[in-house]
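Chemist: Protein sequence lines correspond, in order, to chains A and B. Using the numbering used here, the letters of the first sequence map in sequence onto residues 14 to 413. Using the numbering used here, the letters of the second sequence map in sequence onto residues 11 to 212. Glycine included, C-beta positions come from ideal geometry on N, C-alpha and C. The structure is given below, and queries will be raised subsequently.
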Amino acid sequence: MLSEVDKMNHEMEVESAAPSGRLFEKVLDLSENGLFLVDADRKIILWNEWMVQASSVEPVDVIGKVFSQVFPDLVGKRIELVINTALDMRTASLLSRSLNKSIFPLYYANVGGKKMRIEQSVIVKPVQSDGHDYCMVQITDVTPMVQRESVLRVLAKEAAEGQKAAEGVSQMKSQFTSTVSHELRTPLTSIRGSLGLIASGVMGELQPEVSRLIGIASNNTERLLFLINDILDMEKIEAGKMNFVMGPVDLIVVLKQSIEANQPYGEQYHVRYLLQDGISGIIVNADTDRIMQVFSNLLSNAAKFSLEGSDVDINVSESNGMVRVEVKDYGAGIPLQFQSRIFDKFSQADGSNTRKVGGTGLGLSISRAIMEMMDGTIGFVTEEGKGTTFYLDICLFNKG
Amino acid sequence: MLDITELQRDYITEILNISMGRAASVLSEMVSEEVSLSVPEVDFVQRNIAAEKFDQANVSTMSGVTQSIRGAIYGDALLMFPEEKTLSIVRILLGETLPVESLTEMEQEAMCEIGNIILNSVVSSIADILKKEIMSSLPRFIKGTGCEVFAVETSNDDDLVMFLKVNFGLESQSINGYVTLILNVDSLQDFIFQLNEQINAI
Numbered sequence: 014m015l016s017e018v019d020k021m022n023h024e025m026e027v028e029s030a031a032p033s034g035r036l037f038e039k040v041l042d043l044s045e046n047g048l049f050l051v052d053a054d055r056k057i058i059l060w061n062e063w064m065v066q067a068s069s070v071e072p073v074d075v076i077g078k079v080f081s082q083v084f085p086d087l088v089g090k091r092i093e094l095v096i097n098t099a100l101d102m103r104t105a106s107l108l109s110r111s112l113n114k115s116i117f118p119l120y121y122a123n124v125g126g127k128k129m130r131i132e133q134s135v136i137v138k139p140v141q142s143d144g145h146d147y148c149m150v151q152i153t154d155v156t157p158m159v160q161r162e163s164v165l166r167v168l169a170k171e172a173a174e175g176q177k178a179a180e181g182v183s184q185m186k187s188q189f190t191s192t193v194s195h196e197l198r199t200p201l202t203s204i205r206g207s208l209g210l211i212a213s214g215v216m217g218e219l220q221p222e223v224s225r226l227i228g229i230a231s232n233n234t235e236r237l238l239f240l241i242n243d244i245l246d247m248e249k250i251e252a253g254k255m256n257f258v259m260g261p262v263d264l265i266v267v268l269k270q271s272i273e274a275n276q277p278y279g280e281q282y283h284v285r286y287l288l289q290d291g292i293s294g295i296i297v298n299a300d301t302d303r304i305m306q307v308f309s310n311l312l313s314n315a316a317k318f319s320l321e322g323s324d325v326d327i328n329v330s331e332s333n334g335m336v337r338v339e340v341k342d343y344g345a346g347i348p349l350q351f352q353s354r355i356f357d358k359f360s361q362a363d364g365s366n367t368r369k370v371g372g373t374g375l376g377l378s379i380s381r382a383i384m385e386m387m388d389g390t391i392g393f394v395t396e397e398g399k400g401t402t403f404y405l406d407i408c409l410f411n412k413g
Numbered sequence: 011m012l013d014i015t016e017l018q019r020d021y022i023t024e025i026l027n028i029s030m031g032r033a034a035s036v037l038s039e040m041v042s043e044e045v046s047l048s049v050p051e052v053d054f055v056q057r058n059i060a061a062e063k064f065d066q067a068n069v070s071t072m073s074g075v076t077q078s079i080r081g082a083i084y085g086d087a088l089l090m091f092p093e094e095k096t097l098s099i100v101r102i103l104l105g106e107t108l109p110v111e112s113l114t115e116m117e118q119e120a121m122c123e124i125g126n127i128i129l130n131s132v133v134s135s136i137a138d139i140l141k142k143e144i145m146s147s148l149p150r151f152i153k154g155t156g157c158e159v160f161a162v163e164t165s166n167d168d169d170l171v172m173f174l175k176v177n178f179g180l181e182s183q184s185i186n187g188y189v190t191l192i193l194n195v196d197s198l199q200d201f202i203f204q205l206n207e208q209i210n211a212i
């Protein structure tokens with residue numbers, strides 16, 4: 014417990030330690046904000062150094078004068094109204110820079126002979142002391158923020174324009190690709206037809222040398238057509254224009270058709286397609302043409318990458334409403350560094366000009382897109398030197 | 011839940027609409043454009059129920075302005091809109107377009123001022139009914155789900171929320187938002203008492 018004397022001493026100490034009014038003023042003068050105080054009679058009773066610098070008005074010229082006399086241009090303006098409500102209703106207000114352009118006539122000290130207005134954000138707060146009402150007006154210089162945001166505005170506008178331009182370019186590119194592809198496909202089809210007729214001998218017996226050259230021309234025409242068809246498919250997928258007619262599809266029937274269609278291709282590589290025995294009646298939900306396209310792609314890839322004279326095994330299994338089709342080759346396997354890019358566009362493990370196997374590098378990318386559109390998946394398991402198994406998971410057709 | 015009579019509800023709605031009209035005319039003058047504000051509905055619900063109501067009605071994040079209020083009533087006043095609506099209000103009022111999907115620092119400040127004008131006039135009309143003084147702090151920009159927004163400071167489930175639907179008419183758009191005042195039970199009983207006094211005096 015403090016004795017009465019102790020208490021008195023303590024109070025005296027507190028009093029002497031408390032900063033004097035002069036010290037408070039000094040502190041306010043150091044503030045990086047503009048500050049002035051208005052009393053209930055609307056007279057300005059405090060005007061800090063920041064205000065002096067920014068307004069070029071000394072305290073002696075404002076202290077004791079009413080607000081409307083100091084700022085005649087602000088009479089009836091929102092700032093005067095909020096000062097009144099702060100004094101009459103003790104309400105705090107904010108005047109933002111964006112909704113109130115340059116409230117007070119405040120400027121930076123002459124910069125290169127130019128007078129530059131200070132961008133302001135103003136808060137007005139009621140203050141009560143000793144039963145009297147006052148209103149504090151605080152001005153924050155938001156010029157740096159205004160400048161920052163004007164830069165942001167320019168950048169945001171440029172970014173939006175850039176994006177629009179990029180979209181335009183991408184659309185032009187896809188239009189160009191599809192036009193060019195169509196223009197290429199039509200003449201190629203008639204070249205292929207003509208070469209076929211010549212090769213068949215309808216136009217007369219061919220010299221062996223001519224027959225060999227016609228064969229080369231035919232093969233390359235086929236390759237070009239494959240390439241163009243793949244590019245067109247890719248384009249359709251990217252534009253979201255590839256249409257799917259989903260419905261019940263007899264998987265084994267379609268698999269057998271695909272194998273038959275790819276048989277001649279397999280023979281080129283001396284590869285046999287072996288479909289697992291004793292399976293039938295598996296109905297999946299798919300688009301017949303598209304699922305055949307995926308099968309063909311996997312079957313031709315398997316032949317292409319098989320060891321000459323080996324088999325390609327095709328197995329089918331069923332679990333949890335899904336059917337898995339596996340196409341297994343006994344080739345060199347997929348190199349580790351290529352495995353992550355295998356479904357990318359235009360990817361081939363051997364990207365050199367001298368690569369041994371043909372193809373556009375679009376097939377797997379198209380297959381994956383098709384499988385995704387049919388709610389299925391595609392994947393692979395591979396071992397270097399032993400071979401690769403590609404698998405497809407397809408949804409069973411649900412009668413309900 | 012607080013039961014108030016139809017007459018009481020009409021009276022409060024009327025008074026709030028008058029104050030909203032004042033706020034709208036301040037805003038109209040500031041942006042030199044027709045702005046209308048109205049309160050079609052007033053409700054009193056518990057704080058946690060208000061938060062749920064908020065989240066059910068609005069899937070997206072809400073954003074807006076909050077001020078603490080002290081004096082005759084003690085709590086928080088909030089003005090909230092679905093976030094994208096806040097964006098349209100500020101950008102229509104400032105007459106600008108910006109391809110950025112969140113408010114910039116300066117736009118947030120502008121929203122604070124808009125909220126400040128609206129909330130001050132709501133608070134002052136409540137003070138008029140109470141015939142007592144209510145002081146409010148400076149506005150602050152907030153963002154979050156109903157539960158986040160209502161978990162503010164006075165986290166007492168007994169607190170009641172005065173829930174006002176607010177219609178903000180701008181250009182040809184009509185934007186719905188909410189003003190809420192989180193009140194403690196004592197403030198509210200006083201509020202109802204004063205309300206009845208005034209209704210009886212008419």
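Kindly give me the distance between the Cβ atoms of B/Thr155 and B/Met72, rounded to whole angstroms, as I take these residues to be in contact under 8 Å.
Modeler: Mapped onto the second sequence, residue 155 of chain B falls at position 145. Mapped onto the second sequence, residue 72 of chain B falls at position 62. Confirmed, about 7 Å.
Chemist: For B/Gln199, would you say it is in contact with chain A, using Cβ-to-Cβ distances shorter than 9 Å as the test?
Modeler: Residue 199 of chain B sits at position 189 when you count from the first residue of the second sequence. So, not an interface residue.
Chemist: Provide the residue span of the beta strand (DSSP E) that contains A/Leu50, from first to last.
Modeler: As a working note, residue 50 of chain A is residue 37 in the first sequence. From DSSP, the beta strand (DSSP E) with A/Leu50 extends over 47-52.
Chemist: Is there a C-beta anywhere in chain A that falls below 9 Å from the one on B/Glu94?
Modeler: On the second sequence, position 84 is the one that residue 94 of chain B refers to. No - not a single Cβ of chain A is within 9 Å of the one on B/Glu94.
Chemist: Quick test of the definition: if touching needs 3 or more C-beta pairs under 8 Å, does the segment 256-266 of chain A touch the segment 287-297 of chain A?
Modeler: Verdict: yes, contact present.
Chemist: As a quick exercise: from A/Lys128, A/Thr402, A/Ala230, A/Glu38, pick the residue whose alpha carbon is nearest that of A/Ser319.
Modeler: Locating residue 319 of chain A in the first sequence gives position 306, where the first residue counts as 1. The candidate whose alpha carbon is nearest that of A/Ser319 is A/Thr402.
Chemist: Under 9 Å, do A/Val284 and A/Leu405 count as touching if we go by C-beta distance?
Modeler: Translated into the one-based positions of the first sequence, residue 284 of chain A becomes position 271. Translated into the one-based positions of the first sequence, residue 405 of chain A becomes position 392. Not in contact: A/Val284 and A/Leu405 (Cβ atoms no closer than 9 Å).
Chemist: Where does A/Met14 fall in DSSP's three states?
Modeler: In the first sequence, counting from the first residue as 1, residue 14 of chain A sits at position 1. For A/Met14, the pLDDT reaches just 47, beneath the cut-off of 50, and the residue's location in the model is therefore unreliable, leaving the point undetermined.
Chemist: Would A/Phe189 be called buried (16 or more neighbouring beta carbons within 10 Å of its own) or exposed?
Modeler: Start at 1 with the first residue of the first sequence, and residue 189 of chain A comes out as number 176. Label assigned to A/Phe189: exposed.
Chemist: The ligand FMN heavy atoms versus the CB of A/Arg35: any closer than 8 Å?
Modeler: With respect to the ligand FMN, the structure offers nothing, as it holds no ligand at all.
Chemist: When you check each C-beta in the segment 293-327 of chain A against every C-beta of chain B, which residues fall closer than 9 Å?
Modeler: Listed in sequence order: no entries.
Chemist: Around the Cβ of A/Gln281, are there at least 16 other Cβ atoms within 10 angstroms (buried) or fewer (exposed)?
Modeler: Locating residue 281 of chain A in the first sequence gives position 268, where the first residue counts as 1. Burial call: exposed.
Chemist: Can you grab the Cα-Cα spacing for the pair A/Met14 / A/Ser33, in whole Å?
Modeler: Position 1 of the first sequence holds residue 14 of chain A. Position 20 of the first sequence holds residue 33 of chain A. At A/Met14, the pLDDT of 47 sits below 50, so the modelled position is not reliable; the number obtained from the coordinates is stated separately. Their Cα atoms are separated by approximately 30 Å.
Chemist: DSSP on B/Gly187, reduced to helix/strand/coil?
Modeler: As a working note, residue 187 of chain B is residue 177 in the second sequence. Three-state DSSP puts B/Gly187 in a strand.
Chemist: Less than 9 Å between the beta carbons of B/Val214 and B/Leu113, yes or no?
Modeler: Outside the shown range of chain B, which is 11 to 212, sits residue 214 of chain B, and nothing can be said about it.
Chemist: Relative to the alpha-carbon of A/Ser183, which residue among A/Ala252, A/Val79, A/Thr301, A/Leu237 has its alpha-carbon at the smallest distance?
Modeler: Along the first sequence, read from residue 1 onward, the residue named residue 183 of chain A stands at position 170. Of the listed residues, the one whose Cα sits closest to A/Ser183 is A/Ala252.
Chemist: Given a limit of 8 Å on CB to CB distance, which residues of the segment 111-126 of chain B reach chain A?
Modeler: Flagged, chain order: Thr114, Glu115, Met116, Glu117, Glu119, Ala120, Cys122, Glu123, Ile124, Asn126.
Chemist: Give the secondary structure of B/Glu44 by DSSP, where H, G and I count as helix, E and B as strand, and everything else as coil.
Modeler: As a working note, residue 44 of chain B is residue 34 in the second sequence. B/Glu44: coil per DSSP, three-state reduction.
Chemist: For A/Arg91, count neighbouring C-beta atoms within 10 Å of its own C-beta (all shown protein chains included) and say buried if the count is 16 or more, exposed if not.
Modeler: Within the first sequence, the letter at position 78 stands for residue 91 of chain A. With 16 or more other Cβ atoms within 10 Å, it is buried.
Chemist: With a 10 Å radius around its C-beta and 16 neighbouring C-beta atoms as the bar for buried, classify B/Asn126 as buried or exposed.
Modeler: Reading the second sequence from its first residue, position 116 is the one you call residue 126 of chain B. Under this definition B/Asn126 is a buried residue.
Chemist: Could you tell me which residues DSSP pairs with A/Trp60 in its beta bridges?
Modeler: As a working mapping, residue 60 of chain A is identified with position 47 in the first sequence. Paired residue(s): A/Phe49.
Chemist: Do three or more CB pairs link the segment 146-155 of chain B to the segment 72-84 of chain B at distances below 8 Å?
Modeler: The answer is yes - the segment 72-84 of chain B touches the segment 146-155 of chain B, with three or more Cβ pairs under 8 Å.
Chemist: Hey, is A/Met149's beta-carbon within less than 9 Å of any beta-carbon in chain B?
Modeler: To locate residue 149 of chain A, count along the first sequence from 1; it is residue 136. No, A/Met149 does not count as interfacial toward chain B.
Chemist: From the DSSP output, which residues share a beta bridge with A/Thr401?
Modeler: As a first step, residue 401 of chain A must be located in the first sequence, where it is residue number 388. In the DSSP output, where bridge partners are listed per residue, A/Thr401 has A/Asp342, A/Thr395.
Chemist: Once you ignore the five residues that flank A/Thr395 on each side, which residues in its own chain have a CB closer than 6 Å to its CB?
Modeler: Taking the first residue of the first sequence as position 1, residue 395 of chain A is located at position 382. The answer, listed in chain order, is Gly346, Ile347, Thr401.
Chemist: Within the continuous beta strand (DSSP E) that includes B/Gly74, where are the two ends?
Modeler: One-based indexing of the second sequence puts residue 74 of chain B at position 64. Segment 72-81, the beta strand (DSSP E) holding B/Gly74.
Chemist: Quick check on A/Arg130 - is its C-beta less than 9 Å from some C-beta in chain B?
Modeler: Walking along the first sequence from the start, residue 130 of chain A turns up at place 117. With 9 Å as the cut-off, A/Arg130 does not count as an interface residue toward chain B.
Chemist: Specify, as a first and last residue, the run of the beta strand (DSSP E) that B/Pro92 falls within.
Modeler: Position 82 of the second sequence holds residue 92 of chain B. Its beta strand (DSSP E) spans residues 85-92.
Chemist: Determine the extent of the alpha helix (DSSP H) in which A/Thr153 is found, giving its start and end residues.
Modeler: Against the first sequence, residue 153 of chain A aligns to sequence position 140. Where A/Thr153 is concerned, there is no enclosing alpha helix (DSSP H), although the beta strand (DSSP E) it sits in stretches over 145-154.
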